[in-house]
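From first to last, the protein sequence lines are chains A and B.
Throughout, the numbering used here is defined as the position within the first sequence, counted from one, plus 9.
Throughout, the numbering used here is defined as the position within the second sequence, counted from one, plus 9.
Here the structure is laid out as structure tokens; the discussion comes afterwards.
2 protein chains.
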Amino acid sequence: MSIEASAKRTRVRRSPEAARENILAAAEALLIEKGPQALKLADVAAAAGVVHATVLHHFGSIADVHTALMERMIRQLVAQILEADDPDEPAATRAESGARMLFDAFESRGAARLAAWLELTGESRRLTLVREAVNEVVANRLAPKGLDPAAAEDLVLVSVTLAMGVGLFGDSLAELMGKPPGRTRELAANLLRGWMAAFSAGLIR
Amino acid sequence: MSIEASAKRTRVRRSPEAARENILAAAEALLIEKGPQALKLADVAAAAGVVHATVLHHFGSIADVHTALMERMIRQLVAQILEADDPDEPAATRAESGARMLFDAFESRGAARLAAWLELTGESRRLTLVREAVNEVVANRLAPKGLDPAAAEDLVLVSVTLAMGVGLFGDSLAELMGKPPGRTRELAANLLRGWMAAFSAGLIR
DNA sequence: GCTTCTATTGACATTTTTGTCGGTAAGACC
DNA sequence: GGTCTTACCGACAAAAATGTCAATAGAAGC
Numbered sequence: 010m011s012i013e014a015s016a017k018r019t020r021v022r023r024s025p026e027a028a029r030e031n032i033l034a035a036a037e038a039l040l041i042e043k044g045p046q047a048l049k050l051a052d053v054a055a056a057a058g059v060v061h062a063t064v065l066h067h068f069g070s071i072a073d074v075h076t077a078l079m080e081r082m083i084r085q086l087v088a089q090i091l092e093a094d095d096p097d098e099p100a101a102t103r104a105e106s107g108a109r110m111l112f113d114a115f116e117s118r119g120a121a122r123l124a125a126w127l128e129l130t131g132e133s134r135r136l137t138l139v140r141e142a143v144n145e146v147v148a149n150r151l152a153p154k155g156l157d158p159a160a161a162e163d164l165v166l167v168s169v170t171l172a173m174g175v176g177l178f179g180d181s182l183a184e185l186m187g188k189p190p191g192r193t194r195e196l197a198a199n200l201l202r203g204w205m206a207a208f209s210a211g212l213i214r
Numbered sequence: 010m011s012i013e014a015s016a017k018r019t020r021v022r023r024s025p026e027a028a029r030e031n032i033l034a035a036a037e038a039l040l041i042e043k044g045p046q047a048l049k050l051a052d053v054a055a056a057a058g059v060v061h062a063t064v065l066h067h068f069g070s071i072a073d074v075h076t077a078l079m080e081r082m083i084r085q086l087v088a089q090i091l092e093a094d095d096p097d098e099p100a101a102t103r104a105e106s107g108a109r110m111l112f113d114a115f116e117s118r119g120a121a122r123l124a125a126w127l128e129l130t131g132e133s134r135r136l137t138l139v140r141e142a143v144n145e146v147v148a149n150r151l152a153p154k155g156l157d158p159a160a161a162e163d164l165v166l167v168s169v170t171l172a173m174g175v176g177l178f179g180d181s182l183a184e185l186m187g188k189p190p191g192r193t194r195e196l197a198a199n200l201l202r203g204w205m206a207a208f209s210a211g212l213i214r
């Protein structure tokens, strides 16, 4: 019943890359605000200011939007970690800041929820980008500290797994147990510190 | 085109409790085999040998089936942990077996995937059962070992979070990184051990 | 201005999934 | 055997979600 019911929308014609970027940025905002289950074709399109057929034209399917977004977020995270790395900083502080970024990305930025979604829908197998992302962090950030590459990969594997667990279930679990928000993250950080301390002290392995 | 196309099915009339149990057991098998996204009304009903309207009659909605199943699995896990607890066993072994059950439940039994599903769909808030489940484990299993209740709750919180992370992402992440399956779980167990060792040695906290 | 290319659109088709409703039959109780 | 309760069924309704397709309109090149 709107007066403008039959008004045609004025088109914006973007380059393919700009169009994809526009859509992915909108999808990321949607992910952070409402979670991955809100990444429906119609919703993503509306947030990006286009029609859902346009999204399909650029990505082929909604699943491809999901994986493209996940890859984009992985690249952002890796870039952020490498960029923020200050060789002058003491090793302990550098480890702390790396862990903080990891937790932030998976917790507040929604990466853990998107990853869980991909895992549940079986789309995670296509994320071959993960391997090179890990290699990049290991080679540029952990190996220079004199860490054995294999041990560094293990450290990344547990850290990421833990950070995803915290990002996904941390606050809900804490709330269900009557603990303050952020408590799980606190304990998880402590867990990693304790492990590294025990490792250095030769208590394990 | 089937010859028996219009054959009426012979009804089995169960008690309400038996009917619910039948449906939940079928749903659990489905969960383990295909994951939570396969827990659709029609699929659960088919697996249980009833019509989907029957499922709705007993649970009201498909979301209620999900939470009922999650609660059932939580109860099973708690019962299993308390039951298998042997006071004669050395403390270290008891901790190991508790951790093993936790990892098994969340990994192979599908609890982590269901929990993630509930988390993503916003249904996890209704799992008030969690609190009493934790209390039960703390009171009957951890406190008797002379552990401070608050510390015991913290231990449960991190352990469960970590186990969920492993159960959900462990194998996929390991595979994406070219590690053998089970590697993530191995590292996670080591992480917990190291933490406790560091704690005992006074290296942290 | 004219042509070409294709990003974008609107309308339609289809599938999947959840939920409603009136009627039917199994089994308990008398 | 008769009655009553309600677990169960079949058919239908409706919404949500993905995807197809022909037509349109920016923008660049000539």
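Every residue, glycine too, gets a C-beta built ideally from N, C-alpha and C.
So what's residue i in DSSP terms, helix, strand or just coil?
i	result
B:S2	What the structure shows of chain B is the stretch from 10 to 214, and residue 2 of chain B is not part of that stretch, so it cannot be assessed.
A:S181	helix
A:G131	coil
A:P96	coil
B:R22	coil
A:G176	helix
A:S11	Only weak support exists for where A:S11 lies, its pLDDT of 36 falling under 50; the value from the coordinates is given anyway. In this structure, A:S11 counts as coil in the three-state DSSP scheme.
B:T170	helix
B:R118	coil
A:V139	helix
A:D157	coil
A:I90	helix
A:I83	helix
B:L111	helix
A:I71	helix
B:L212	coil
Within the same chain, show all residues whose beta-carbon is closer than 8 Å to that of residue i, passing over the 5 residues directly before and after it, in chain order.
i	result
A:F68	R29, I32, V74, A77
A:L136	T76, M79, E80, I83, L127
A:V64	I32, L50, V53, A54, A57, I71, V74
B:Q46	W126
B:R122	L40, G44, P45, G176, L177
A:A35	V53, A56, A57, G58
Figure out for me which residue from the options has the closest Cα to the Cα of residue i.
i	options	result
A:S70	A:A54, A:T137, A:M173, A:Q89	A:A54
A:A88	A:R22, A:A124, A:V147	A:V147
B:W204	B:D163, B:A27, B:L39	B:D163
A:A114	A:R150, A:R23, A:L40, A:L196	A:L40
A:T130	B:R20, B:P158, B:V143, B:L48	B:L48
B:S24	B:H61, B:A104, B:H66, B:G44	B:H66
A:S133	B:V165, B:L212, B:A183	B:A183
B:A27	B:V59, B:E105, B:P96	B:V59
B:E37	B:A124, B:R20, B:R22	B:A124
A:G191	A:E116, A:I213, A:A159, A:E98	A:E116
B:L156	B:S181, B:M173, B:A104	B:A104
Could you round the C-beta distance between residue i and residue j to whole angstroms and report it? I think they count as a contact, below 8 Å.
i	j	result
A:A198	A:A108	6 Å
A:V175	A:T193	5 Å
A:K154	A:A100	6 Å
B:L201	B:L177	About 17 Å; that fails the 8 Å criterion.
B:L185	A:R118	In fact, because the Cβ distance is near 20 Å, the residues do not count as touching under 8 Å.
B:L196	A:V167	5 Å
A:A210	B:L212	6 Å
Excluding the 5 residues preceding and the 5 following residue i in the sequence, name in chain order all residues of the same chain whose CB lies nearer than 7 Å to its CB.
i	result
A:M10	Residue placement at A:M10 is flagged as unreliable, the pLDDT there being 37, under the threshold of 50; the coordinate-derived value follows with that caveat. Excluding sequence neighbours, A:M10 sits near nothing in its chain.
A:E13	Unreliable positioning characterises A:E13 in this predicted model, as indicated by a pLDDT of 45, which lies under 50. The coordinate reading is nonetheless provided below. Cβ neighbours of A:E13 beyond the five flanking positions: none.
B:A161	V147, L151, A152
A:L138	E80, I83
B:P158	V147, A152
B:H61	L50, A51, A54
Go to residue i, then tell me how far its alpha helix (DSSP H) extends in each direction, as first and last residue.
i	result
A:M186	Run containing A:M186: none; DSSP gives neither H nor E here.
A:R29	25-43
A:R18	Run containing A:R18: none; DSSP gives neither H nor E here.
B:R194	192-209
A:L151	Unbroken run through A:L151: none, as it is neither H nor E.
A:D52	50-57
A:L65	61-68
Considering only residues of the same chain and omitting the five flanking positions on each side of residue i, which have a CB-CB separation below 6 Å?
i	result
A:A206	none
B:N149	L91
A:G179	T193, R194
B:F208	none
A:L86	A114
A:D95	none
B:A142	I83, V87
A:V165	V143
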